[in-house]
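Structure record follows, encoded as structure tokens.
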Amino acid sequence: MTKHAFGVITKVFFNKIVIEVPDTTLIQHNYLGDLYTLNGLNDFVTIYKSGSNKYIYQIIGLYEQEKPLNEEEQSKFSQKAYFEAAPVGEILHDSFEYGLSTFPVIGEEAYLTNVNDINTMLLLSDNKMSIMLGKLSTQDIIPKISVDSILTNHMSVLGNTGSGKSTTVRKLLNEIAELKRNPKIDISKANFIIFDVHGEYTELPSGMTNSKKINDISINLENLTIEDWFNLLQPSHATQRPVLLNALKLANHLASNDNDVLWIKAYCALELFNNQSTDAVPKRAKIKGLLEGIDSEKINECLTYYDAQYGNFRPQTYDEQFRSEVKAYVKGKTGYEYEDVHSYLISCLEVTECKTKTIKDLKLAVDLVLLLEEAKGNSQIRTFCSTLMTRIDSLDATYSDNLFSVDFTRQAELEDMLLTKKTFTVFDCSFIDDDVLLFFTSYILRNIFNKQLDYKLETGRITKSYNFIFDEAHKYISEKYEDNIVDYSKMFRTVAKEGRKFGVFLILSSQRPGELSKTVLSQCNNFILHRIRNNIDLDQMRKSIPYLNDGQLNRLSFLRTGVALIVGDSFAIPMEVIIDGEEFGEPSKTVLPSEIWIKDAQTDSVESLEVEELVSEK
1 MTKHAFGVIT KVFFNKIVIE VPDTTLIQHN YLGDLYTLNG LNDFVTIYKS GSNKYIYQII
61 GLYEQEKPLN EEEQSKFSQK AYFEAAPVGE ILHDSFEYGL STFPVIGEEA YLTNVNDINT
121 MLLLSDNKMS IMLGKLSTQD IIPKISVDSI LTNHMSVLGN TGSGKSTTVR KLLNEIAELK
181 RNPKIDISKA NFIIFDVHGE YTELPSGMTN SKKINDISIN LENLTIEDWF NLLQPSHATQ
241 RPVLLNALKL ANHLASNDND VLWIKAYCAL ELFNNQSTDA VPKRAKIKGL LEGIDSEKIN
301 ECLTYYDAQY GNFRPQTYDE QFRSEVKAYV KGKTGYEYED VHSYLISCLE VTECKTKTIK
361 DLKLAVDLVL LLEEAKGNSQ IRTFCSTLMT RIDSLDATYS DNLFSVDFTR QAELEDMLLT
421 KKTFTVFDCS FIDDDVLLFF TSYILRNIFN KQLDYKLETG RITKSYNFIF DEAHKYISEK
481 YEDNIVDYSK MFRTVAKEGR KFGVFLILSS QRPGELSKTV LSQCNNFILH RIRNNIDLDQ
541 MRKSIPYLND GQLNRLSFLR TGVALIVGDS FAIPMEVIID GEEFGEPSKT VLPSEIWIKD
601 AQTDSVESLE VEELVSEK
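Counting from 1, one number per residue, gives the positions in the sequence shown under UniProt numbering.
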């Protein structure tokens, strides 16, 4: 062994080597003016292959073992250190390639990797556009990350709350913003669309950011697709879904045929009177409610003779008169015989699109659809659709005056944001709950994806790219939505699989990787992993991230706040990096009782003065 080698390989496996170190005091040395220092785990090790070609390994384990000095003297032992190292890649003719095609053999010497070789692995050439997130945790080296690579792959930033993932995302965005200082770069062509769940992205450069609260913009409900409505209302497949579809068609039909509401109610009233066997009092109340406002004096006159106790007309002559007057009213409104109007309505709906202008219009249409079902004798339909009605009522009460209002100015605000005139487009989503967040994020994503798709079909090329940042992604890009018969995560999965071809990329930020959609997570090529301690989350990452070995996965549970393991296609090697982002951590800083419970000097003096005045008064 030469004086600069620190050990000899004693075992070789596909996933690691074991290096015997006879004297640990000789590891650190000075050679040609360079100081070689062993910091321990994560340090790099070089094994020379031939000429300028080298194997690069990374230390993953250190231990000692006693061995006898010689076979005759069993009572005397020497301490020897052993290093385990995982393969990283090869340096071939001064360029680095990740992974090994061949492996070293037993007896070859191991060296500490020199600074030039580390730079070869981690640093890009100066002519490439790059950003820097922080320095290596074991080396005073700041690796450069290719913008071309990191922003043309889907990425996940994962870590428990308080581990620093939000700071990392803000650091990434700030590094992108700093590229504007390069006179050769037009940063306005970058397009980041951020869904901010906790109001943590308010401090992005103002001149480069277009930010709006969700309650300051509106979506034109007529632009919603069937998939949007399913995401928004999440109807059950068997019963609620067909009711919702028919209601959307009926709402659209009534928008241009609003007089049809009256004859539909009159039709339902007579069908209920003829067919539904129920208690007389509620039956009478329901029929009178349906016919309230009907512009027919003869029908209203008949209703005065409607006996609540027996559920029929007294005298009996008004029974037949009521039936004939309702039938005449329906025919007068539609031009069709009473027996044919239901078929007429169905034929109208068959050629009508599923649209509505307002939530209130949809509420009315759902009620009419349920009435038509009840008129046919389906007395349980309203019970089966109670959750659907509750969700619609909630949307009406919560969002009719903001997100789903018909204010054209507010709708124009959203359309303007979707033009992405500035580098960062931030939607403050702290106002909306998770179900609406699922709808809103997929709606915006679909809008941009379809625009890119249409443009490529027309021109054959893509001139813009979009990077979507989904804060708290596990709340809406969730595995639970894939378990439903109706696939609420379809849009995210489509973009995860096809987005690259159309310049649309996803960046997921989540503290619960175990709850993320497995399909979407599996399509991510880059991962920035902060501290994660939940076994379910770790198990999900073991299954979904091919770049991790068991040692790195176990290491995640012990990472300090602000330290991240960076792995993926865009990074030359797995790197443990101290994120340089202290100035971006304030928005997500933990509130400490020891800071907010302490009285300040001014408050304390005022209270003391008040006590003194109170005592003197007494």
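We put the beta carbon where it would ideally sit given N, CA and C, even for glycine.
Look at the Cβ atom of residue i, then the Cβ atom of residue j, and state whether they are nearer than 8 Å.
i      : j      : result
Asp396 : Ala255 : no
Phe83  : Ile47  : no
Arg323 : Leu270 : yes
Phe424 : Phe192 : yes
Ser405 : Ser211 : no
Asn231 : Leu438 : yes
Asp196 : Val436 : no
Met132 : Ile145 : yes
Ile287 : Phe273 : yes
Thr358 : Leu233 : no
Leu521 : Ser544 : yes
Leu516 : Ser509 : no
Ser430 : Gly199 : yes
Quick one: what's residue i bridged to in DSSP?
i      : result
Val577 : Leu136, Ala564
Asn378 : None, per the DSSP bridge assignment.
Thr209 : Phe424
Val169 : Answer by DSSP bridge pairing: none, since Val169 is not bridged.
Ile528 : Val157, Ile566
Val12  : Ile17
Arg87  : Position check: residue 87 holds Pro in this sequence, whereas Arg was assumed. Answer is Tyr57.
Thr46  : Ile56, Tyr111
Lys80  : Gln65
Leu506 : Phe468
Gly7   : Ala110
Ser343 : BP columns for Ser343 are empty, so no partner.
Asp434 : Beta-bridge pairing links Asp434 to no other residue.
Leu516 : Ser478
Ser130 : Ser146
Between the C-alpha atoms of residue i and residue j, what's the straight-line distance to the nearest angstrom?
i           : j      : result
Cys302      : Arg314 : 10 Å
Val577      : Ile507 : 19 Å
Val147      : Pro22  : 44 Å
Met155      : Thr202 : 22 Å
Ile469      : Ile19  : 43 Å
Leu92       : Asn53  : 5 Å
residue 697 : Met417 : Since the displayed the chain opens at 1 and closes at 618, residue 697 lies outside it and no answer follows.
Asp260      : Asp228 : 27 Å
Thr152      : Phe502 : 11 Å
Lys376      : Val495 : 43 Å
Ile264      : Glu325 : 14 Å
Asp569      : Tyr344 : 60 Å
Ser188      : Gly134 : 25 Å
Val45       : Thr463 : 44 Å
Glu472      : Glu582 : 21 Å
Thr304      : Ala285 : 12 Å
Thr519      : Met491 : 12 Å
Thr102      : Asn116 : 23 Å
Ile579      : Val243 : 52 Å
Ser386      : Tyr488 : 21 Å
Ile17       : Gly89  : 13 Å
Glu458      : Ser465 : 16 Å
Val563      : Ala86  : 21 Å
Asp367      : Ser296 : 23 Å
Asn252      : Ser394 : 21 Å
Met389      : Lys283 : 21 Å
Lys331      : Asp340 : 9 Å
Asp401      : Tyr98  : 55 Å
Gly551      : Gly61  : 9 Å
Asn275      : Tyr476 : 45 Å
Asn554      : His4   : 32 Å
Glu337      : Gln316 : 24 Å
Glu178      : Ala238 : 53 Å
Ile566      : Thr24  : 30 Å
Arg542      : Asn467 : 26 Å
Report yes or no: is there a C-beta of chain B within less than 8 Å of the C-beta of residue i?
i      : result
Val577 : No chain B appears in this structure, which consists of one protein chain only.
- request: Examine the Cβ distances between the region 156-167 and the region 511-530 and report whether three or more of them are shorter than 8 Å.
  value: yes
message: If contact is defined by three or more beta carbon pairs under 8 Å, each pair taking one atom from either stretch, is the region 236-252 in contact with the region 444-460?
response: no
query: Which ranges would you report for the alpha helix (DSSP H) in the region 308-340 if only whole runs of at least 4 residues count?
result: 317-334
message: Check whether the region 402-418 and the region 373-382 touch, using three or more Cβ-Cβ pairs below 8 Å as the test.
response: no
- request: Check whether the region 4-20 touches the region 101-110, taking contact to mean three or more Cβ pairs, one atom from each stretch, closer than 8 Å.
  value: yes
- request: Please go through the region 244-284 and give each complete beta strand (DSSP E) segment of 3 or more residues, from N-terminal end onward.
  value: none
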